[in-house]
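Colleague: Sharing a structure, written as structure tokens. Questions coming.
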Amino acid sequence: MYQDVILDHYKHPHGRGLRDGDAEVHHVNPTCGDEITLRVRLDGATIEDVSYEGQGCSISQASASVLNELLVGKELGDAQKIQETFLALMQSKGQVEPDDEMEEVLEDAVAFAGVSKYPARVKCALLSWMAWKDATAKALSEEAKTA
Amino acid sequence: MTRLPGLLDTEAIRKDFPLLDRVVHDGKKMIYLDSAATSQKPRQVIDALTEYYEQHNANVHRGVHVLAEEATALYEGARDKVAAFINAPSRDEVIFTKNASESLNLVANMLGWADEPYRVDRETDIVITEMEHHSNIVPWQLLSQRTGAKLKWFGLTDDGRLDLSNIDEIITDRTKVVSFTLVSNLMGTINPVEAIIRRAQQVGALVVIDASQAAPHMVLDVQALQADFVAFTGHKMCGPTGIGVLWGRQELLEDLPPFLGGGEMIETVSMHSSTYAPAPHKFEAGTPPIAQAVGLGAAVDYLAAIGMDKIAAHEHAITEYAVKRLLDVPDLRIIGPSTAEDRGATISFTLGDIHPHDVGQVLDEQGIAVRVGHHCARPVCLRYGIPATTRASFYLYSTPAEVDALVAGLEHVRNFFG
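Chains as they are written, first to last, in numbering that gives the first Met the number 0: chain A, 0 to 146; chain B, 0 to 417.
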């Protein structure tokens with residue numbers, strides 16, 4: 000479960016810290032107390048920044064770091080595809096062996112495949128991704144309101 | 000092998016617990032240090048459940064056939080056993096529930112619907128403590144929100160004890176009920192019952208004790224405690240899940256109104272109104288957890304045969320050893336009392352900056368089962384400024400070698416994340 004890639008992201012997180020954003024959400028995992036505050040800044044359909052601050056286990060923290068690395072600079076449509084692929088992998092109960100196509104989409108995030116075997120830890124891995132989805136929806140609806 | 004004074008013959012005891020022979024993760028011996036969450040079950044309890052279902056299964060208190068009579072005798076026999084186990088003055092003071100949470104909710108609801116002098120309303124206070132399990136917080140929050148009563152609580156000292164320095168301001172003439180845990184499920188702290196009860200009695204408040212973490216581990220004598228209600232659960236004391244107990248003083252059970260209505264709890268029913276059976280049946284609506292009660296009866300037989308005083312001495316010895324060894328682990332901070340004095344065999348700790356989930360997962364890979372998280376006592380974590388803890392809890396079958404395995408496991412965790 001604890002792949003080197005995950006431990007690397009845990010010890011040296013990418014993009015950690017809160018910066019300006021269009022929307023902010025705070026998500027918690029009530030069963031274990033993992034928390035994340037996450038902000039999204041959009042430039043049209045491009046994700047300009049995802050910044051975050053949180054506390055939690057290595058899985059939840061590394062996952063947020065991977066998310067930042069993967070999604071910043073992406074178009075929203077591509078980001079959504081990555082998010083959906085990651086969600087499917089995490090919900091696979093260890094039954095999905097990531098293939099080349101999946102690895103191309105998920106890059107470092109394929110390292111979390113092993114986590115999907117541990118039901119108690121899947122939520123840790125998904126915490127930041129759910130927060131990102133929520134924050135993005137919020138940013139888009141704010142934008143729609145002001146447009 | 001480490002020999003400590005006061006230890007039970009764990010070699011013999013462990014033979015009674017089939018699960019303790021399990022191996023996990025490709026041949027690693029299971030080291031179960033999560034008995035505060037639920038205890039393992041001895042063969043005697045498992046057999047009692049099987050025998051009940053294979054030989055005696057029927058509904059209780061109805062029907063005249065032989066099985067119904069046997070099932071009723073077994074169910075009511077379990078009540079006798081539990082009453083003797085806690086030294087209740089009367090078997091009719093023992094109410095079977097499904098767990099301690101239901102027991103505590105039942106008291107809160109009895110008081111919420113009661114007339115004077117028991118009535119809880121906006122003129123009155125409810126007192127709890129900051130170290131309660133959520134099951135002894137939330138029912139009182141609900142009662143407070145529904146009645147307008149004010150909820151007050153005792154805070155905690157830095158070393159994991161109740162701060163009773165302001166007891167006269169917390170428990171006052173307005174206090175209607177004081178509910179607190181005998182032993183903290185997160186920190187293991189054993190609370191000074193006498194001081195709290197003395198003050199509660201001065202102001203005429205009812206006292207409810209959550210004994211969930213006490214009943215499995217020490218002599219529980221409800222008469223010596225002098226409380227009005229005592230709640231505990233079966234599955235933490237070698238019994239099955241789905242069975243809890245609420246003990247209450249007889250005159251209170253007579254005076255207080257029922258909470259759940261249904262079969263079994265009535266005397267007569269017409270379409271306009273009903274009259275109720277006497278306690279304990281007044282508080283046991285519907286078909287009760289029969290097999291589970293029988294299993295709990297077998298569990299208290301098992302514990303009583305070993306002796307609760309001997310179990311307490313065993314756990315004290317293990318605790319003393321575990322505290323000493325854990326404090327030698329670098330960066331380990333015990334949340335709660337850091338000596339074995341007035342504490343049970345449940346030890347919570349943090350390990351540097353390593354998140355408890357990671358600690359628990361890497362321990363699990365070595366076959367060591369601990370609990371991680373806030374242990375349904377989140378206010379304690381907030382009090383000490385931590386998101387969660389790792390908790391190791393010991394029982395009558397725990398050995399010093401398992402403490403050693405935990406300490407070695409924690410060293411491995413430190414190296415892994417270091």
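By construction, the Cβ of each residue, glycine as well, lies at the ideal position given by its N, Cα and C atoms.
#1: Are three or more beta carbon pairs between the region 287-300 of chain B and the region 181-201 of chain B nearer than 8 Å?
#2: What separation, rounded to the nearest whole angstrom, lies between the Cα atoms of Q54/A and A63/A?
#3: Quick check: does the Cβ of A78/A come within less than 6 Å of any heavy atom belonging to the ligand GDP?
#4: Short of 7 Å Cβ to Cβ, which residues in the region 343-358 of chain B face chain A?
#5: Counting pairs of Cβ atoms below 8 Å between the region 249-262 of chain B and the region 272-281 of chain B, do you hit three or more?
#6: Looking only at DSSP bridge pairs, what is D48/A linked to?
#7: Under 8 Å by Cβ, that's how I've got N184/B and S211/B pegged, so tell me the actual separation to the nearest angstrom.
#8: Roughly how far, in whole angstroms, is the beta-carbon of P4/B from the beta-carbon of A316/B, given that I think they are within contact range, below 8 Å?
#9: Quick check on H216/B: buried or exposed, where buried means 16 or more other Cβ atoms within 10 Å of its Cβ?
#10: Work out the CA separation of A130/A and V24/A for me, nearest whole Å.
#11: Runs of 4 residues minimum, wholly inside the region 16-61 of chain B: which ones carry the alpha helix (DSSP H) assignment?
#12: Counting pairs of beta carbons, one from the region 339-346 of chain B and one from the region 356-369 of chain B, are three or more of them closer than 8 Å?
#13: Any Cβ of chain A within less than 7 Å of the Cβ of H373/B?
#14: Looking at the unbroken alpha helix (DSSP H) that takes in P416/B, where does it start and where does it end?
#15: So what's G16/A in DSSP terms, helix, strand or just coil?
#16: Determine the burial state of T30/A: buried for a count of at least 16 other Cβ atoms within 10 Å of its Cβ, exposed for fewer.
#17: Could you work out which residues of chain B lie near Q54/A, taking near to mean beta carbons separated by less than 9 Å?
#18: In this structure, what does DSSP give as the bridge partners for D124/B?
#19: Identify whether D99/A lies in helix, strand or coil by the three-state DSSP scheme.
#20: Taking Cβ positions only, does S64/A come closer than 7 Å to chain B?
#21: What residue range does the alpha helix (DSSP H) around R13/B cover?
#22: The beta strand (DSSP E) spanning D423/B covers which residue range?
#23: Going by beta carbon distance, what residues of the same chain come within less than 6 Å of Q222/B, once the five residues before and after it are set aside?
#24: Suppose the cutoff is 6 Å on Cβ atoms and the five residues either side in sequence are ignored; what does the same chain contact list for H8/A look like?
#25: Rank V207/B, G203/B and P17/B by C-alpha distance to the C-alpha of N108/B and give the top, closest one.
#26: In angstroms with no decimal places, state the Cα-to-Cα distance between G500/B and D25/B.
#27: If you drop the 5 nearest sequence neighbours on each side, which residues of the same chain put their C-beta closer than 6 Å to that of H13/A?
#28: By Cβ distance, which residues of its chain are closer than 7 Å to A77/B, with the 5 residues on each side in sequence left out?
#29: Could you tell me the boundaries of the alpha helix (DSSP H) in which Y9/A lies?
#30: Say whether chain B places a C-beta atom closer than 7 Å to the C-beta of G32/A.
#31: Could you tell me the boundaries of the beta strand (DSSP E) in which H280/B lies?
#32: Just to confirm my understanding: we take T9/B, look at its own chain, exclude 5 residues before and 5 after, and list those with CB closer than 7 Å. What are they?
#33: Under 7 Å, do V71/A and V104/A count as touching if we go by C-beta distance?
#34: Taking S38/B as the reference, which of E340/B, A298/B and K323/B has the closest Cα?
#35: My output table needs one value for A22/A: the three-state DSSP class, helix, strand or coil.
#36: Taking the alpha helix (DSSP H) that Y74/B belongs to, which residues open and close that run?
Modeller: So, from the data block:
#1: no
#2: The residue labelled residue 54/A in the question sits at position 55 within the first sequence. The residue labelled residue 63/A in the question sits at position 64 within the first sequence. In a straight line, the C-alpha of Q54/A is about 11 Å away from that of A63/A.
#3: No copy of the ligand GDP occurs in the structure displayed, which carries no ligand at all.
#4: H354, H356 and D357
#5: yes
#6: Start at 1 with the first residue of the first sequence, and residue 48/A comes out as number 49. Note: D48/A sits in a beta bridge opposite R40/A.
#7: Position 185 of the second sequence holds residue 184/B. Position 212 of the second sequence holds residue 211/B. Right, their Cβ atoms sit about 7 Å apart.
#8: Indexing the second sequence from 1 puts residue 4/B at position 5. Indexing the second sequence from 1 puts residue 316/B at position 317. Correct: roughly 6 Å between the Cβ atoms.
#9: In the second sequence, the residue the question calls residue 216/B occupies position 217. Buried.
#10: Here the question's residue 24/A lines up with position 25 in the first sequence. Here the question's residue 130/A lines up with position 131 in the first sequence. If I take the Cα positions, the gap works out to 6 Å.
#11: 42-50
#12: no
#13: The count along the second sequence starts at 1 and reaches residue 373/B at position 374. Yes, H373/B counts as interfacial toward chain A.
#14: Residue numbering aside, residue 416/B sits at position 417 when the second sequence is read from its first letter. The sequence shown places Phe at residue 416/B, not Pro. Residues P399 to F416.
#15: Position 17 of the first sequence, counting from 1, holds the residue named residue 16/A. Strand.
#16: In the first sequence, counting from the first residue as 1, residue 30/A sits at position 31. When all chains shown are included, T30/A counts as exposed.
#17: Here the question's residue 54/A lines up with position 55 in the first sequence. Per Cβ cutoff of 9 Å: H354 and P386.
#18: For the purposes of this step, residue 124/B is taken as residue 125 along the second sequence, with counting starting at 1. According to DSSP, which records beta bridges pairwise, D124/B is partnered with K149/B and T174/B.
#19: Along the first sequence, one-based indexing puts residue 99/A at 100. Three-state DSSP puts D99/A in a helix.
#20: Mapped onto the first sequence, residue 64/A falls at position 65. False, the Cβ-Cβ gap to chain B never drops below 7 Å.
#21: By one-based count along the second sequence, residue 13/B stands at place 14. Looking at the DSSP string, the run of the alpha helix (DSSP H) that includes R13/B is T9 to K14.
#22: In the structure as shown, chain B begins at 0 and stops at 417. Residue 423/B is therefore absent and cannot be evaluated.
#23: Within the second sequence, numbered from 1, the residue matching residue 222/B stands at position 223. Here the set comprises N86.
#24: The residue labelled residue 8/A in the question sits at position 9 within the first sequence. Cβ neighbours of H8/A beyond the five flanking positions: A61, S64 and V65.
#25: In the second sequence, counting from the first residue as 1, residue 108/B sits at position 109. Per the Cα distances, V207/B.
#26: One cannot answer for residue 500/B here, as it falls past the ends of chain B, which runs 0 to 417.
#27: Looking up residue 13/A in the first sequence gives position 14. Taken in chain order, the residues that qualify are S64, N67 and E68.
#28: As a first step, residue 77/B must be located in the second sequence, where it is residue number 78. Here the set comprises A292, V293, L295 and G296.
#29: Position 10 of the first sequence, counted from the start, is the residue given in the question as residue 9/A. Its alpha helix (DSSP H) spans residues D3 to K10.
#30: As a first step, residue 32/A is located in the first sequence; it is residue number 33 there, counting from the start. Judged by the 7 Å Cβ criterion, G32/A is in contact with chain B.
#31: Position 281 of the second sequence holds residue 280/B. That residue, H280/B, is in no beta strand (DSSP E); it is neither H nor E in DSSP.
#32: The sequence position of residue 9/B within the second sequence is 10, counting from 1. Hits under 7 Å: Y396 and T398.
#33: Here residue 71/A refers to the residue found at position 72 when the first sequence is read from its first residue. Here residue 104/A refers to the residue found at position 105 when the first sequence is read from its first residue. Cβ distance not < 7 Å, so V71/A and V104/A don't count as in contact.
#34: Indexing the second sequence from 1 puts residue 38/B at position 39. It is A298/B whose Cα lies nearest to the Cα of S38/B.
#35: Start at 1 with the first residue of the first sequence, and residue 22/A comes out as number 23. Here A22/A sits in strand by DSSP.
#36: By 1-based counting over the second sequence, the position of residue 74/B is 75. Note, Y74/B: alpha helix (DSSP H), V65 to F84.
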